[in-house]
Amino acid sequence: MSRPLKIGIISKASHANSHAAALRKLGFEVVILGSRPNAIPASIDVLVCRKASSSHRGSDLAMEAKHRGRRVIVANGVNEIVSQIRALGLIPSGEPATASEAITNSSDSVR
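The sequence shown begins at 293 in the working numbering and counts up by one.
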């Protein structure tokens, strides 16, 4: 069995917690790298840069990673991030269409 896709988020941690939770509910492993990471771990499969919550250094690092051939998504909202991950073909069919749907479905199962 293969490991879950690992997503790294460049964003201030307090601003990215809901994004990370929604992505985890979709089955991804998520690492919040902070708004000003020094490096992107090699284990990250997809890098998300939340420009509204990252430093210039964080944005520059994301663009450098993209230039070097890594998969990079530049988006701020959860649904926009999920939509771009889906466009890359990384969310299996049958999974919730949006992050809000994933959160709703998981909270329904708790009730």
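Note that the Cβ used here is the ideal one computed from N, Cα and C, for glycine as well.
Outcome for residue i when other beta-carbon atoms lying within 10 angstroms are tallied against a minimum of 16
{"i": "L325", "result": "buried"}
{"i": "S294", "result": "exposed"}
{"i": "R342", "result": "buried"}
{"i": "G350", "result": "buried"}
{"i": "A334", "result": "exposed"}
{"i": "L315", "result": "buried"}
Same chain, Cβ closer than 6 Å to residue i, neighbours up to 5 away in sequence not counted
{"i": "H268", "result": "The requested residue 268 is not part of the displayed model; the chain covers only 293 to 403."}
{"i": "K358", "result": "V364"}
{"i": "I336", "result": "K298 and G300"}
{"i": "V338", "result": "I299 and R363"}
7 Å CB neighbourhood of residue i in its chain, flanking five on each side removed
{"i": "S347", "result": "S327 and R328"}
{"i": "A312", "result": "I301, V322 and I324"}
{"i": "A305", "result": "I324 and G326"}
{"i": "S310", "result": "V370"}
{"i": "Q376", "result": "I365 and A367"}
8 Å CB neighbourhood of residue i in its chain, flanking five on each side removed
{"i": "P413", "result": "In the structure as shown, the chain begins at 293 and stops at 403. Residue 413 is therefore absent and cannot be evaluated."}
Supposed close pair residue i, residue j - CB separation, criterion 8 Å
{"i": "I373", "j": "V340", "result": "6 Å"}
Unbroken stretches of the beta strand (DSSP E), 3 residues or longer, contained in the segment 304-368: 321-326, 338-341 and 363-366
Contact between the segment 325-334 and the segment 367-379 (3+ Cβ pairs under 8 Å): no
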